[in-house]
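Numbering (the numbering used here), first residue to last: 3 to 743.
Note that CB positions come from ideal geometry on N, CA and C, so glycine has one too.
Because the structure is a prediction, the values reported are computed rather than measured.
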């Protein structure tokens, strides 16, 4: 109601000014919200699709679910007075809409960056992945409000045993010395996948002769000099090591050497948790490598490096030719030790089948008294094996899936990307031409986001959504990106001829029908569609074009209406819809998608708390409108605070607005109507009294009225509705009622 009121206000105002305002309604119909709802209702998971239920049946259920609440939405739309065309909406699952999205993707595929690269490419990288949803996520999805949550995890400082060999001889003072490198992690579940330790080349490191805290055994430890005081109390320096007992709170230690990170590069160490290994790993893995992302702000100044589960780790290992730990699948492709459900693979011994995050377990399992999260079990194993220096609980912010509310993993994905980073300077330049309300959202939240823009992970491994229109040969040598149904038909005709097939363009462009289409390369090889769907946020960002089926129809209508004069949505959309609109417009058309934008804040309860069903503080919009009326509800929302501020919704304030403003206006009119009817008054132009002949009070109130019209117009032209409404309130209450009447 809040967002739609903002939209409706400015559209109505411009209609009053004489403009034709298009009011095409629309339905976002694809994506995780729909799929997860269907899976919940059917009692299935993603893994059941194609087994206990066909893709066809599943997508049919998604389609029917999408429109189930259409009547309810239409009802609230009408009741709140939102002027929009509900009879001719765009629907994102419609073939025309999909075709326009394909056209945009083909445009990106054909377009080249200054370096000559396509804006649409396939790459193997580490990306946010939601095991609960079964799909990768884009960076802008991960940065939606509320995705980072404060959690308490198990952290561990592991001790990696340095191999005694010529390269490491400078670290050892005698034959019995046990030298280990300390590395800290908040994700102990990644330790079985460790293949390297990364150091900062220019960071100073020290060796400390001390004891293992849990056993009291003598050991020499290597860590960053700047982190020494975080783990060793100065009172322990010089204390005898052989007098230490595990119950002592202060560790005895003695400094025994200082080196830079560059001196440590190339050292080899024993595999920490050898569940999976190979001769290649033993030869090229388990060594110290350099990295420019290492800091001494926390941890030990040494980064435990598991390339399958961290973007920096991945880049560092590739740059230093370090192999990855994994298990070959049926095709011989190495897969991580954690599967896509977030569980350890069978080769992980006693940890096989365990979920790496406790939130992935059912609630009844987690609630058991003897339940221990996998991170804790791994940390305890390190302790038992004398490979742990410190284990403790650690509070930090961790990313969660925006739809399932479960933790995400950073995971290796073979995905299609939009090279958004290549256009970030142009996006920033065009952004400076947009009128943002408030201005700091454009320069701050949105502007800073653009400065740090990453490539857009387009691929989604789901079923209900727009299929990626790219077909490839089995070896990936040749590919084609389809940009229209007409082009698809031509390619099908060619494949039918060469491969002796009988295919046609399916009536429904969704899976599974589009997956059945086989195309042919120029050298006669079959080409199959890449199995991915596209990010549902691409659907939303394509709306300015796909709503008109551009460029296949309505080209003139599109040109007249593009870019949009005005859009509005919640401030959370700075990394959602506002971004995808801007990104697609910049990369495909070198244009803005909108000229003016109002980002409204949240509607909170009267205490300033977020509304939630669990707290019981949710306000029912139907009930509110039925009780107080749409006008009073909308007025209260706009007049109480600027739309970009969070609104503390209080029914007492709504009642006051209804009585003070609307009640005063109504009573004033009734006062006039009473005497006008008694006098038989009829308002005609012939009876108008010249202004100069009117009483001073009449001329004063008319002057105030004209000033009000001027001020309200100025405020609406500046996208300042609260100022406009407060000016109206002031006029009605102070001038019209209290003075004039």
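Stretch pair the region 90-110 + the region 472-486: three plus CB contacts closer than 8 Å: yes
When burial is assigned at 16 or more other CB atoms within 10 Å of the CB, is residue 236 buried or exposed? By one-based count along the chain shown, residue 236 stands at place 234. By the neighbour-count rule (16 or more Cβ atoms within 10 Å), residue 236 is not buried but exposed.
Comparing alpha-carbon positions, which option in 730, 12, 741 and 146 lies nearest residue 566? One-based indexing of the chain shown puts residue 566 at position 564. When each option's Cα is compared against that of residue 566, the closest is 12.
What residue ranges within the region 444-470 form continuous beta strand (DSSP E) runs of no fewer than 3 residues, ordered along the chain? Fully enclosed beta strand (DSSP E) runs of 3 or longer: not present.
If you draw a straight line from the C-alpha of residue 493 to the C-alpha of residue 461, how long is it? Here residue 493 refers to the residue found at position 491 when the chain shown is read from its first residue. Here residue 461 refers to the residue found at position 459 when the chain shown is read from its first residue. Whole-angstrom Cα-Cα distance: 23 Å.
Sequence-distant residues of its chain with Cβ nearer than 7 Å to residue 643 (five each side left out): The sequence position of residue 643 within the chain shown is 641, counting from 1. The answer, listed in chain order, is 649 and 724.
On the three-state DSSP scale, how would you describe residue 567? Residue mapping note: residue 567 aligns to position 565 of the chain shown, counting from 1. Residue 567 falls in the strand class under three-state DSSP.
Using the beta-carbon count (16 or more within 10 Å), is residue 129 buried or exposed? Here residue 129 is taken as the residue at index 127 of the chain shown, counted from 1. Sixteen is the threshold: when 16 or more other Cβ atoms of the shown chains lie within 10 Å of the Cβ of residue 129, as they do, the residue is buried.
Assuming contact is defined by CB atoms lying nearer than 8 Å, are residue 651 and residue 621 in contact in what I supplied? The count along the chain shown starts at 1 and reaches residue 651 at position 649. The count along the chain shown starts at 1 and reaches residue 621 at position 619. Yes.
Buried or exposed: residue 632, going by 16 or more other Cβ atoms within 10 Å of its Cβ? Counted from its first residue, the chain shown places residue 632 at position 630. Residue 632 should be labelled buried.
Cut-off 8 Å between Cβ atoms - residues of its own chain near residue 279, not counting five sequence neighbours on either side: Counting from one through the chain shown, the residue named residue 279 turns up at place 277. Closer than 8 Å at Cβ, skipping near neighbours: 273 and 327.
Whose C-beta lies closer than 7 Å to the C-beta of residue 114 among residues of the same chain, with five residues either side of it excluded? Position 112 of the chain shown, counted from the first residue, corresponds to residue 114. For residue 114, same chain residues with a beta-carbon under 7 Å away, outside a window of 5 residues either side, are 120 in chain order.
Paired residues, beta bridge with residue 262 - DSSP: Numbered from its first residue, the chain shown carries residue 262 at position 260. DSSP lists 206 as partners of residue 262.
Relative to the C-alpha of residue 132, which residue among 401, 742 and 183 is closest? Counting from one through the chain shown, the residue named residue 132 turns up at place 130. Comparing Cα positions, the closest option is 401.
From this set, 234, 257 and 513, which residue's C-alpha is nearest residue 251's C-alpha? Walking along the chain shown from the start, residue 251 turns up at place 249. Of the listed residues, the one whose Cα sits closest to residue 251 is 234.
Hey, could you find the ends of the beta strand (DSSP E) residue 621 is sitting in? Within the chain shown, residue 621 is the residue found at index 619, counting from 1. No beta strand (DSSP E) holds residue 621; DSSP gives it neither H nor E.
To the nearest angstrom, how far is the alpha carbon of residue 66 from that of residue 295? By 1-based counting over the chain shown, the position of residue 66 is 64. By 1-based counting over the chain shown, the position of residue 295 is 293. Rounded to the nearest angstrom, the two C-alpha atoms are 48 Å apart.
Which of the three DSSP states, helix, strand or coil, is assigned to residue 473? The residue given as residue 473 occupies position 471 in the chain shown. Here DSSP, grouped into helix, strand and coil, assigns residue 473 to strand.
Quick one: is residue 246 buried, meaning 16 or more other Cβ sit within 10 Å of its Cβ, or exposed? Sequence index remark: in the chain shown, residue 246 carries index 244 (1-based). By the neighbour-count rule (16 or more Cβ atoms within 10 Å), residue 246 is buried.
Whose C-alpha, out of 591, 516 and 30, is nearest the C-alpha of residue 471? As a working mapping, residue 471 is identified with position 469 in the chain shown. Measuring from the Cα of residue 471, the nearest candidate turns out to be 516.
Count the other C-beta atoms from every protein chain shown that fall within 10 angstroms of the C-beta of residue 118, then say buried if there are 16 or more, exposed otherwise. As a position in the chain shown, residue 118 is number 116, starting the count at 1. Its Cβ having fewer than 16 others within 10 Å, residue 118 is exposed.
Those residues which DSSP pairs with residue 239 across a bridge: To locate residue 239, count along the chain shown from 1; it is residue 237. Note: residue 239 sits in a beta bridge opposite 255.
Straight-line CA distance for residue 33 to residue 44? Position 31 of the chain shown, counting from 1, holds the residue named residue 33. Position 42 of the chain shown, counting from 1, holds the residue named residue 44. If I take the Cα positions, the gap works out to 17 Å.
Where residue 618 falls, given that 16 or more other Cβ within 10 Å makes a residue buried: Here the question's residue 618 lines up with position 616 in the chain shown. It counts as exposed.
If you follow the beta strand (DSSP E) that residue 54 is in, where does it begin and where does it stop? Locating residue 54 in the chain shown gives position 52, counting from the first residue. Here residue 54 belongs to no beta strand (DSSP E), and DSSP marks it neither H nor E.
The alpha helix (DSSP H) enclosing residue 233, as first and last residue numbers: Residue 233 sits at position 231 when you count from the first residue of the chain shown. DSSP places residue 233 inside the alpha helix (DSSP H), whose first and last residues are 230-233.
Just to confirm the assignment, what range does the beta strand (DSSP E) spanning residue 93 have? If you number the chain shown from 1, residue 93 lands on position 91. Taken as a continuous stretch (DSSP letters only), the beta strand (DSSP E) holding residue 93 covers 87-93.
Quick one, are the C-beta atoms of residue 744 and residue 601 less than 8 Å apart? Since the first and last residues shown for the chain are 3 and 743, residue 744 lies out of range.
For residue 125, which residues in the same chain have their Cβ closer than 6 Å to its Cβ, ignoring the five residues on either side in sequence? Position 123 of the chain shown, counting from 1, holds the residue named residue 125. For residue 125, where only same-chain residues beyond five positions count, the Cβ hits under 6 Å are 419.
Is the beta carbon of residue 501 sitting closer than 8 Å to the one on residue 520? Translated into positions along the chain shown, residue 501 becomes position 499. Translated into positions along the chain shown, residue 520 becomes position 518. Closer than 8 Å, so yes.
For the ligand HEM, is there a heavy atom less than 7 Å away from the beta-carbon of residue 739? Looking at this structure, you won't find the ligand HEM or any other ligand, since it has none at all.
With burial defined as no fewer than 16 other Cβ atoms inside 10 Å of the residue's Cβ, what is the status of residue 344: buried or exposed? Counting from one through the chain shown, the residue named residue 344 turns up at place 342. Buried, since its Cβ has 16 or more Cβ neighbours within 10 Å.
If you count every other CB in all the chains shown that lies within 10 Å of the CB of residue 54, and 16 or more means buried, which is it? What you label residue 54 is simply residue 52 of the chain shown in a count that begins at 1. It is exposed - the Cβ of residue 54 has fewer than 16 other Cβ atoms within 10 Å.
Please list the terminal residues of the continuous beta strand (DSSP E) segment that includes residue 481. As a working note, residue 481 is residue 479 in the chain shown. Segment 481-483, the beta strand (DSSP E) holding residue 481.
Give the range of the alpha helix (DSSP H) segment to which residue 16 is assigned. In the chain shown, counting from the first residue as 1, residue 16 sits at position 14. Counted as a single uninterrupted DSSP element, the alpha helix (DSSP H) harbouring residue 16 occupies residues 4-18.
What are the complete alpha helix (DSSP H) segments, minimum 4 residues, inside the region 275-345? 281-286 and 313-321
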